[in-house]
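Colleague:
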Amino acid sequence: MEKILISSCLVGNKVRYNASCLSLPESDWYWLQTNVELVVFCPEVSAGLPTPRPPAEIIAGKGADVLRGSSRVVGDDGIDVTMQFVAGAQNALVLCQRQQIKYAILTQSSPSCGSANIYDGTFSGTKVNGSGVTAALLEEQGIKVFSQHTIAELQRELVKR
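The opening position of the sequence shown corresponds to residue 1 in UniProt numbering, with each subsequent residue numbered one higher.
1) What number of angstroms, rounded off, separates the C-alpha of Leu49 from the C-alpha of Gln84?
2) I'd like to confirm the pairing. Which residues does DSSP put opposite Lys3 in its beta bridges?
3) Taking its Cβ as the centre, do 16 or more other Cβ atoms sit within 10 Å of Tyr122, making it buried, or is it exposed?
4) At 4 residues or longer, and completely inside the segment 54-134: list those alpha helix (DSSP H) runs for me, N to C.
5) Give me the Cα-Cα distance between Glu2 and Val40, rounded to the nearest whole angstrom.
6) On the criterion of 16 or more Cβ atoms from any shown chain inside 10 Å, does Ile79 qualify as buried, or is it exposed?
7) Please report the distance separating the alpha-carbon of Asn35 from that of Asn18.
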């Protein structure tokens, strides 16, 4: 059975910045539970960030820029959490490599996990195209990243194999 890394908050764990979780549509959840082995992970928690924590955004860039050192991740309290976000991304990559995981379902819009869009760094609620730090690192290493909104694409990908 294929192993899939999945954001911890998507399976009901209250690990988001505001100590909440998200949910998947029942049909997607059922398909995942019956067709793949889920490996549950939260990059921020793995790097030692508390729950709850101040919301954070990537300032003047995207996840790949953070990995290159040309952008930072900062909380709305002004505290730089770039090191923790990079460490969480590295932890996710190590886990995927150890368990030979080729696919991930990560939470859209997150500064760690966003795969198609993230917040723009102004804390205004504005989203821009781009990936978060963990999504960018996994993609750079050949791991295909999906969001909770693109599970049907993952299903098609796995059927093709």
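Don't be surprised by glycine CBs; every beta carbon is placed ideally from N, CA and C.
Modeller: A quick look at the data gives this:
1) 7 angstroms
2) Glu37
3) Per the sequence shown, residue 122 should be read as Thr rather than Tyr. Exposed, by the Cβ-count rule.
4) 63-68, 82-98
5) 14 angstroms
6) exposed
7) 31 angstroms
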